[in-house]
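Each remark here refers to the structure printed beneath this line.
In my numbering, the protein residues as written are 55 to 232.
Written as structure tokens, this is what we have:
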């Protein structure tokens with residue numbers, strides 16, 4: 055624990071910035087690939103690897119490199135209580151808030167890609183609207199995890215020194231400035 059006291063903890067807005075950068079990077083790539091899939095192929099077998107890569111991005115990057123691309127761009131790093139890089143288990147635990155909704159969407163999308171009404175949609179947005187209308191539980195998942203995400207942010211903002219979020223506390227991790 056002594057080693058952590060020497061570190062500079064990441065500020066709230068640095069962490070928000072890293073999250074936004076990751077969202078832009080991963081979101082753009084994911085959207086482009088899903089858009090292409092839905093407008094050209096309408097295949098669950100194409101959707102699934104896109105979803106899995108999106109799900110694994112954060113835990114793998116934080117385990118392997120100590121940071122996502124957004125964190126790297128802002129010189130942030132995730133460490134454990136001893137100041138070491140986090141293991142994959144801690145990385146998965148930190149990522150639960152982000153990956154759980156995506157995991158819950160996979161079975162829904164499996165059903166959607168089997169549904170002739172949804173597959174007959176004339177474009178990406180109509181397809182997405184039909185999925186949302188046919189499977190309203192997706193909106194419930196999104197709303198529920200939005201609340202958890204907000205609580206996570208509030209905990210981080212209210213921690214005056216270490217800026218630890220809910221996920222940091224669960225996994226016993228810290229985000230520091232390199």
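Every residue gets a Cβ at the ideal spot worked out from N, C-alpha and C, and that includes glycine.
Using 8 Å as the threshold, is the C-beta distance between residue i and residue j below it?
i	j	result
residue 130	residue 221	no
residue 193	residue 206	no
residue 114	residue 121	no
residue 117	residue 141	yes
residue 178	residue 92	yes
residue 203	residue 151	yes
Got a sec? Which residues, its chain only, sit under 7 Å from residue i by beta carbon, not counting five neighbours each side?
i	result
residue 157	109
residue 98	163, 164 and 167
residue 84	104 and 108
Tell me whether residue i is buried or exposed, calling it buried when 16 or more other Cβ atoms sit within 10 Å of its Cβ.
i	result
residue 155	buried
residue 55	Per-residue confidence for residue 55 stands at a pLDDT of 45, beneath the threshold of 50, marking its modelled position as unreliable; no derived number is given.
residue 101	buried
residue 197	exposed
residue 149	buried
residue 144	buried
residue 81	exposed
residue 57	With a pLDDT of 49 at residue 57, under the threshold of 50, the predicted position of this residue should be treated as unreliable, and no value is reported.
Using a threshold of 7 Å, is the CB atom of residue i nearer than that to any non-hydrogen atom of the ligand FAD?
i	result
residue 143	Judged by which ligands are present, the structure shown has none, so any question about the ligand FAD falls away.
Spatial neighbours of residue i within its chain, please: CB distance less than 6 Å, with the 5 preceding and 5 following residues excluded, ordered by chain position.
i	result
residue 74	none
residue 128	68, 71 and 72
residue 61	230
residue 191	none
Return the residue from the list the options that minimises the CA-CA distance to residue i.
i	options	result
residue 184	203, 202 and 162	162
residue 199	209, 179 and 153	153
residue 209	62, 66, 60 and 61	66
residue 146	226, 60 and 61	226
residue 126	94, 95, 76 and 96	76
From residue i to residue j, what does the alpha carbon distance come to, in whole angstroms?
i	j	result
residue 224	residue 170	42 Å
residue 88	residue 167	12 Å
residue 136	residue 105	33 Å
residue 228	residue 86	33 Å
residue 216	residue 78	26 Å
residue 213	residue 176	48 Å
residue 63	residue 139	15 Å
residue 111	residue 174	31 Å
residue 211	residue 124	19 Å
Excluding the five sequence neighbours on either side, which residues of its own chain have a C-beta within less than 8 Å of the C-beta of residue i, listed in chain order?
i	result
residue 201	none
residue 195	155, 158 and 159
residue 172	166, 181, 184, 185 and 188
residue 119	126
For chain E, find out if any of its Cβ atoms is closer than 8 Å to the Cβ of residue i; answer yes or no.
i	result
residue 96	No chain E is present in this structure, which holds just one protein chain.
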